[in-house]
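In this text, residue positions in the sequence shown follow this note's numbering: the first is 344, and each later residue adds one.
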Amino acid sequence: MPDTVVQEYIDTPSARAELASYLGRGAGAGLDDAGWLRRFSHWWDANPRAGMHSHRGYVVRQEGQIVGYAGAIPSSYMLNGREVPALLATTLRVDPGHAKAGLHILLKMRRMGRQVLIVHTTPVPRLQQVLQDMGAHAETRMSRRVLPLGRLAGLVPGRFRWPGLDASVQTVAGLGGVNGLAVPCMKRDVLEKTVSLELLRWQMETPMQRLRFLGAVDSRGCLHSFVLLRESRTLRVLRSWEIVQSWTARETVEELWALVGVLIREPGILGRCLNWLAAPAFAADFHWHGLPCLFEHPEKVCHYFLVPREFGHVAKHSMLAEGDLML
Numbered sequence: 344m345p346d347t348v349v350q351e352y353i354d355t356p357s358a359r360a361e362l363a364s365y366l367g368r369g370a371g372a373g374l375d376d377a378g379w380l381r382r383f384s385h386w387w388d389a390n391p392r393a394g395m396h397s398h399r400g401y402v403v404r405q406e407g408q409i410v411g412y413a414g415a416i417p418s419s420y421m422l423n424g425r426e427v428p429a430l431l432a433t434t435l436r437v438d439p440g441h442a443k444a445g446l447h448i449l450l451k452m453r454r455m456g457r458q459v460l461i462v463h464t465t466p467v468p469r470l471q472q473v474l475q476d477m478g479a480h481a482e483t484r485m486s487r488r489v490l491p492l493g494r495l496a497g498l499v500p501g502r503f504r505w506p507g508l509d510a511s512v513q514t515v516a517g518l519g520g521v522n523g524l525a526v527p528c529m530k531r532d533v534l535e536k537t538v539s540l541e542l543l544r545w546q547m548e549t550p551m552q553r554l555r556f557l558g559a560v561d562s563r564g565c566l567h568s569f570v571l572l573r574e575s576r577t578l579r580v581l582r583s584w585e586i587v588q589s590w591t592a593r594e595t596v597e598e599l600w601a602l603v604g605v606l607i608r609e610p611g612i613l614g615r616c617l618n619w620l621a622a623p624a625f626a627a628d629f630h631w632h633g634l635p636c637l638f639e640h641p642e643k644v645c646h647y648f649l650v651p652r653e654f655g656h657v658a659k660h661s662m663l664a665e666g667d668l669m670l
C-alpha cells in the first residue's frame, strides 16, 4: 500500500471544496458538501476567535487524495480575567486501513496540547481511551436534574418558592435587546469558557443546533445572567429544554435560579411549550448544586481536555456546551 502523509490543513477556497467533498461522501454528520461548507464558514469565517490560533487541523493523503481529516476550531478560555487561546478538536475521520495515520494525528495533537488547551468531545470509546492514555483531563460524569414546567411544577416535593428577578432587571428571550455584558463581581481563579456578546451571537447562529436564550438585562441592555438551552429528550422519552450553558456576573446563583423560575411559570417563553427542564451539571459546576427537582440521574458524557503544564494546577469549570458539541 502506498505511504500516507499527514499534513497540516491549509485553508483555501479550493482546499475547503476538496475537504467538503471528502467529508460529504462519508457518514460524517449527515451533511452534503454544501452543509460542510456552511459548517467550515461558521468555524473559521464567522468565528470571533478565529484569530486566536492559526491551526485548522490535519489532512491525511495517499497518492494526493484525502483519506483522513482531523479539524480544529479556534476558541478561548478565561483565567483570572485573562483570555487564553484554545482549540476545539472536531471531525476526526480516517478511512479504513489508515489507523496508523489517525494515531499520528493524535500524537501531533498531544505535542500541540503542551502549548495550547485542546478540547475533545468524542463519543468514540477507542479514541476516549487513547486520550486518557495521553494524559487528558477527563470530565465524563454529569448529574442531570429534571424539573417539570408549567402546570406540572407542583409535582416537585417541598413547595420550593423560586426566587424572583431583582427589580433592576427584566427577562429577555433573545439577544436583540442585549448591548453588552456586566462585569463579573469576582475574578475567578478557574479555567472556564470565554463569554462575550459576540461569542454568544456566534453560538446562536450555529448551523448544527437550534439554541434558545433566556437572560436577565438591565435598562441599559446590560446582561447580568443567562442560560442557553436546546431541545432534547430526557431518559429518551421526555421532550425537555436542556440547559447547555449558564453564566452570571452576580456573586450568587440566585439570578440563574430566578431564570429557571421564569421558565417554570412561563413554559412557552422560548417560543415552544415543553413540559420538562433538564439541568445537567458536572460535579464542580456550582450553578445547579441543590437545585430542587423531581428527580436526578447520572449521565455519561465525553469531555476531554489536553491542558498545558502552566494550567495543570488550575481548577476547571466545565459545562455541556464545550468543544464542538454545539458547533
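Heads up, the beta-carbon is just placed ideally off N, CA and C, and yes, glycines get one too.
Its chain contains Phe556, Leu557, Ile612, Leu613 as the residues whose beta carbon lies nearer than 7 Å to that of Ala516, once the 5 sequence neighbours on both sides are disregarded; these appear in chain order.
Rounded to the nearest whole angstrom, the C-alpha separation of Pro391 and Phe648 is 22 Å. The beta-carbon distance between Met669 and Gln475, rounded to whole angstroms, is 24 Å. This is too long to meet the 8 Å contact definition. The beta carbon of Ala363 is closer than 6 Å to those of Asp376, Trp379, Leu380 in its chain, skipping five residues each way along the sequence. Of all alpha-carbon atoms in Ser384, Ser419, Gly604, the one lying nearest the alpha-carbon of Met395 is that of Ser419. Around Glu665, the same chain offers Val462, Thr464, Lys536, His646 as residues with beta carbons nearer than 7 Å, after the five sequence neighbours per side are excluded.
Shown here, Phe383 sits in a helix according to DSSP, grouped into three states. When DSSP assignments are scanned along the segment 350 to 375, the uninterrupted stretches of alpha helix (DSSP H) that are 4 or more residues long and fall wholly within it turn out to be 356 to 368.
Going by C-alpha positions, Glu585 is about 6 Å away from Ser575.
Runs of the beta strand (DSSP E) lying entirely within the segment 410 to 442 and spanning at least 3 residues, in chain order: 425 to 437.
Closest in C-alpha terms to Met551, from the list Tyr365, Trp386, Pro345, Leu540, comes Trp386. For Glu594, no beta strand (DSSP E) run applies, since DSSP gives it neither H nor E. Annotation: the continuous alpha helix (DSSP H) that includes Leu540 extends over 540 to 547. Setting aside the 5 residues that flank it on each side, Met477 is surrounded in the same chain by Arg453, each with a C-beta closer than 6 Å to its C-beta; the list follows chain order.
About 23 Å separates the Cβ atoms of Glu548 and His567, ruling out a contact at the 8 Å cut-off. Of the other Cβ atoms in all chains shown, fewer than 16 fall within 10 Å of the Cβ of Gln472; this residue is therefore exposed. Residue ranges of uninterrupted beta strand (DSSP E) with 3 or more members, entirely inside the segment 599 to 636 and ordered along the chain, are 619 to 624. Annotated as distal: Leu435 and Val402, with beta-carbon spacing of 9 Å or more. When Cβ pairs closer than 8 Å are counted between the two stretches, the segment 629 to 639 is seen not to touch the segment 443 to 451, the count staying below three. The C-alpha of Asn522 is placed about 42 Å away from the C-alpha of Ile448. Inter-residue distance for Leu508 and Ala479 is about 40 Å (C-alpha atoms, whole angstroms). Restricting attention to Arg563, Ala429, Asp667, the CA atom closest to the CA of Gly519 is found in Arg563.
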